[in-house]
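Comments concern the structure below.
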Amino acid sequence: MRLALLSLCASWALGSVASPVQSSTYHKPESKGFRMQHGFETVLVQPFGYDGFRVRAWPYKAPTGQEVGFVYDPPLDGPEDGEAHGMKFDTAFTGNRSEELRNGNMLVRTSGWGGNPGGYRLAFYRVESNGSETLLTNEYAPLKSINPRYYSWTGPGSEFAAEFSFSTTPDEQIYGTGTQQDHLVNKKGLTIDLVNFNTHIPTPVFMSDKGYAFIWNMASTGRMEFGPLRNKFTADAASVVDYVVVASDPGDYDTLQQRLSALVGRAPTPPEWSLGYLQSKLRYENQSEVIQLAQQFHDHDIPVSMIVIDYQSWAHQGDWGLDPNLWPDVAEMAKKVKDLTGAEMMASLWPSVADDSVNYLEMMAQGFLSATRSGPGTTDSWNGSYIRNYDATNPGARRFLWNTLKKNYFDKGIKNFWIDQADGGALGEAYENNGQSTYIQSLPFAVPDVLYAAGTQRSVGKLYPWAHQQAIEEGFRNATTTEVGSPCDHISLSRSGYIGSQRFCSMIWSGDITSVWETLGAQIASGLSAAATGWGWWTLDAGGFQADPTVPWSANIDTPEYRELYVRWFQWTTFVPFMRTHGTRKCDFQNAYTCANEPWSYGSENTPILVSYIHLRYQLSAYLRAVFDQLHKTGRMIMRPLYMDFEKSDPQVAAWTRLNTNTTTQQYMFGPKLLVSPVTTPNVTEWSVYLPQTGGDSKPWTYWWSNETYSGGQTVTVPAPKEHIPLFHLGTRADILSGDVFA
Numbered sequence: 000m001r002l003a004l005l006s007l008c009a010s011w012a013l014g015s016v017a018s019p020v021q022s023s024t025y026h027k028p029e030s031k032g033f034r035m036q037h038g039f040e041t042v043l044v045q046p047f048g049y050d051g052f053r054v055r056a057w058p059y060k061a062p063t064g065q066e067v068g069f070v071y072d073p074p075l076d077g078p079e080d081g082e083a084h085g086m087k088f089d090t091a092f093t094g095n096r097s098e099e100l101r102n103g104n105m106l107v108r109t110s111g112w113g114g115n116p117g118g119y120r121l122a123f124y125r126v127e128s129n130g131s132e133t134l135l136t137n138e139y140a141p142l143k144s145i146n147p148r149y150y151s152w153t154g155p156g157s158e159f160a161a162e163f164s165f166s167t168t169p170d171e172q173i174y175g176t177g178t179q180q181d182h183l184v185n186k187k188g189l190t191i192d193l194v195n196f197n198t199h200i201p202t203p204v205f206m207s208d209k210g211y212a213f214i215w216n217m218a219s220t221g222r223m224e225f226g227p228l229r230n231k232f233t234a235d236a237a238s239v240v241d242y243v244v245v246a247s248d249p250g251d252y253d254t255l256q257q258r259l260s261a262l263v264g265r266a267p268t269p270p271e272w273s274l275g276y277l278q279s280k281l282r283y284e285n286q287s288e289v290i291q292l293a294q295q296f297h298d299h300d301i302p303v304s305m306i307v308i309d310y311q312s313w314a315h316q317g318d319w320g321l322d323p324n325l326w327p328d329v330a331e332m333a334k335k336v337k338d339l340t341g342a343e344m345m346a347s348l349w350p351s352v353a354d355d356s357v358n359y360l361e362m363m364a365q366g367f368l369s370a371t372r373s374g375p376g377t378t379d380s381w382n383g384s385y386i387r388n389y390d391a392t393n394p395g396a397r398r399f400l401w402n403t404l405k406k407n408y409f410d411k412g413i414k415n416f417w418i419d420q421a422d423g424g425a426l427g428e429a430y431e432n433n434g435q436s437t438y439i440q441s442l443p444f445a446v447p448d449v450l451y452a453a454g455t456q457r458s459v460g461k462l463y464p465w466a467h468q469q470a471i472e473e474g475f476r477n478a479t480t481t482e483v484g485s486p487c488d489h490i491s492l493s494r495s496g497y498i499g500s501q502r503f504c505s506m507i508w509s510g511d512i513t514s515v516w517e518t519l520g521a522q523i524a525s526g527l528s529a530a531a532t533g534w535g536w537w538t539l540d541a542g543g544f545q546a547d548p549t550v551p552w553s554a555n556i557d558t559p560e561y562r563e564l565y566v567r568w569f570q571w572t573t574f575v576p577f578m579r580t581h582g583t584r585k586c587d588f589q590n591a592y593t594c595a596n597e598p599w600s601y602g603s604e605n606t607p608i609l610v611s612y613i614h615l616r617y618q619l620s621a622y623l624r625a626v627f628d629q630l631h632k633t634g635r636m637i638m639r640p641l642y643m644d645f646e647k648s649d650p651q652v653a654a655w656t657r658l659n660t661n662t663t664t665q666q667y668m669f670g671p672k673l674l675v676s677p678v679t680t681p682n683v684t685e686w687s688v689y690l691p692q693t694g695g696d697s698k699p700w701t702y703w704w705s706n707e708t709y710s711g712g713q714t715v716t717v718p719a720p721k722e723h724i725p726l727f728h729l730g731t732r733a734d735i736l737s738g739d740v741f742a
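In numbering that gives the first Met the number 0, the protein residues as written are 0 to 742.
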């Protein structure tokens, strides 16, 4: 089978439904850009998309324009009208010259050291409707301080490390940056390492409450630092530094998301079945167990849209096929599940390849496995075996992976893939696995000398999960003969991602989280940060993935404490982009690998509650289709932090967001009409919810469960028995259930 490839380079353009072109009043740039020479350093500035600029800088070897990157050239929409920028410019000068370039309502200006306040070199402004200018950010370099574009060499090659600094103010608010387990929506004051790990997906994309957004378009490991006066971005190894700044009016986050998604990708629309209930646990161990599960859903008359086969379902890591001793007839199993429930199936795959895999020798010979510059070349460890990861940055390795998956799964009816352990780098979770004490644990995470086709861990380590998602996307599109960006027939699920991961038919979930109340609360903020980063396809493990060893009842399905937590967690997942349960459970009567995690597993008193939320999810199908359609067309987020909708109409929202109060980290809008405030503490029968001012009707808010109406700008306490998640809506319930929610 011929497999077409999606290019990794910055010149790749992805098809999508573009937003309407702006009116003739748009101030089109009068220049293709300028190139500034400053000693040994060269800086290229180009207008990019609507109201944006792209900056590339290098101190040594000139880039080709084909370096690994995550922005489209040309953007999906903008004044370019489909013409790529490449490395074009029409003005060149030395660094002591004043220069100005406007694109729409954004302006970039340079004047060497002396012309701008503070002695910076590049400054970015918004042009207001009255013609005045508002400084958004500038290269930060107080007099006689370190250069705002600082380079250092750490090896004999042409790659360098870089630190770029930008001005900020103590009251600026920073939204996005990927996902962390930090309970925060405003990331001001944080230092975030750009190294992927389970439950942490740091990604250098953020929106500012000043009315601009920033993309650090780099694949290297490094850091983000958000200080009181300086935002600093570090790349550990690079051949060119690449970033983008785009602007909007303050508080217009939908426009910022539209600008960002035009640059890095808009989510396709998911298959309709995926908007239902997705059933999973660690783990269904064999074919008969899966068929029995499907029969139980059929007998209970509970709708289910997908059933998942988790890890260790293979004979050896890297076989990328089910163990025939446990799964003797995959096609028959998939057909039986479909006949009984209508559900699709998903199977887990890991990127790791053990030396006893049927694919090991061929992949080694073809150079399809990651390696190291020193030592035996192993890059991970699991279950007593040292392993290598397949090299997702290698197009041939991606083809090999997909061809194997197609033969062993896709052609037999399992057409969706869980790309677990996709964090990349090296060592993964080897520190923790089975208490191993071998030498590999003493190596630092992530091993910087891991080698990929695209570069080293230092230079392209952040590319790995993105390229792994890309491998599945390439396979999907070729197998279904559909265009990239068109509606998805199948989906993947990834534990990691990066800039522009939203362009793929791929969910991102929050990783292997613990089953305690505090973790439940942290996931809300994590999901809101994912949204601000641009990831609309977000989900999580309902009930948490694993027990907290310090909490005796954690993840034990036979304890009332965990049953209460699970009910609250489960009802919340009705109001995230994908409703999914998963985890390893404890129980009093079964082996840890076979403890139940089905809706009927949490006591007879809780089963009707859980089932009612599954039914509610399907009742919301028209609403879900509407919000996913807007996400696809314009980048408009589904999970919406309160600041996205109410920063302008309610000054309290802005103030509380700055402080990361529970009001702004624990409640949010789900689409344009539903306000969700999950219960995050035990033994609750009532719950306090802040209802933002909308600037509209005197009583715009309606409590879902009682139909009582409330005015905005107040905190109300409502009944919240275990059966009810605190849920309010704007507009009529009929419009919500019909999906008629966008004018």
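Ideal placement from N, C-alpha and C gives every residue a C-beta, glycine not left out.
Predicted model only: the values in this text are computed from it and were never measured.
Item                                                                                                                              : Value
Identity of the residue in 103, 252, 716 nearest residue 127 by Cα                                                                : 103
Closest by C-alpha distance to residue 233, when choosing among 191, 195, 326                                                     : 191
Beta-carbon proximity list for residue 723, same chain, < 6 Å, skipping 5 on both sides                                           : 704
Neighbourhood of residue 594 by C-beta, 7 Å cutoff - its chain only, sequence neighbours within 5 removed                         : 556, 584, 585, 586
Extent of the continuous alpha helix (DSSP H) run through residue 231                                                             : It is not in any alpha helix (DSSP H) - residue 231 instead sits in the beta strand (DSSP E) that spans 229–237.
Minimum C-alpha distance to residue 513 - residue among 484, 682, 564                                                             : 564
Cβ contact check for the segment 189–204 and the segment 47–62: 3 or more pairs under 8 Å                                         : no
Straight-line gap, residue 248 to residue 172 (C-alpha atoms, nearest Å)                                                          : 15 Å
Alpha-carbon spacing of residue 577 relative to residue 536, whole angstroms                                                      : 7 Å
Chain-order list of residues whose beta-carbon lies under 6 Å from that of residue 503 (same chain, five-residue window excluded) : 468, 472
Minimum C-alpha distance to residue 640 - residue among 491, 653, 631, 633                                                        : 653
Where residue 165 sits in the DSSP three-state scheme                                                                             : strand
For residue 270, the nearest candidate out of 644, 475, 455 (CA to CA)                                                            : 475
Alpha-carbon spacing of residue 488 relative to residue 477, whole angstroms                                                      : 12 Å
Assigned exposure category for residue 543 - 16 Cβ within 10 Å defines buried                                                     : buried
Of the listed residues 331, 545, 550, 709, nearest to residue 581 (C-alpha basis)                                                 : 545
Close-in-space but distant-in-sequence residues of the same chain around residue 511 (CB under 7 Å, 5 per side omitted)           : 197, 198, 544, 545
Unbroken beta strand (DSSP E) run spanning residue 654, endpoints                                                                 : Per DSSP, residue 654 belongs to no beta strand (DSSP E); it is in the alpha helix (DSSP H), 650–658.
Segment contact flag, the segment 250–263 with the segment 196–215, C-beta cutoff 8 Å, min 3 pairs                                : yes
Distance between residue 415 and residue 348 (C-alpha atoms, nearest Å)                                                           : 10 Å
First and last residue of the uninterrupted beta strand (DSSP E) at residue 448                                                   : No beta strand (DSSP E) contains residue 448, which DSSP labels as neither H nor E.
The segment 77–86 touching the segment 278–292, judged by at least three CB pairs closer than 8 Å                                 : no
Three-state class that DSSP yields for residue 102 in the structure shown                                                         : strand
Contiguous beta strand (DSSP E) assignments of at least 3 residues, all confined to the segment 308–388                           : 343–348, 379–381, 384–388
Close Cβ partners of residue 599 (< 7 Å) along its chain, the five nearest in sequence each way excluded                          : 299, 606
Outcome for residue 732 when other beta-carbon atoms lying within 10 angstroms are tallied against a minimum of 16                : exposed
Inter-residue spacing [alpha-carbon to alpha-carbon] between residue 716 and residue 422                                          : 42 Å
7 Å Cβ shell around residue 737 - same chain, five flanking residues per side excluded                                            : 621
Cβ neighbour criterion (16 or more within 10 Å) applied to residue 436                                                            : Reliability of the predicted coordinates at residue 436 is poor, the pLDDT of 43 falling under 50, and the value obtained from them is presented with this limitation in mind. Exposed.
Opposing strand residues paired with residue 108 [DSSP bridges]                                                                   : 99, 122
C-alpha gap between residue 352 and residue 387, whole angstroms                                                                  : 6 Å
Backbone CA spacing between residue 101 and residue 305 [nearest angstrom]                                                        : 50 Å
Host alpha helix (DSSP H) of residue 505 (start-end)                                                                              : Segment 505–508 is the beta strand (DSSP E) holding residue 505; no alpha helix (DSSP H) there.
Residue span of the beta strand (DSSP E) that contains residue 36, given as start and end                                         : 33–37
Any non-hydrogen atom of the ligand HEM within 7 Å of residue 161 CB                                                              : The model on display carries no ligand, and the ligand HEM is accordingly not part of it.
Cβ neighbours of residue 224 in the same chain (closer than 6 Å, five flanking residues each side left out)                       : 190, 231
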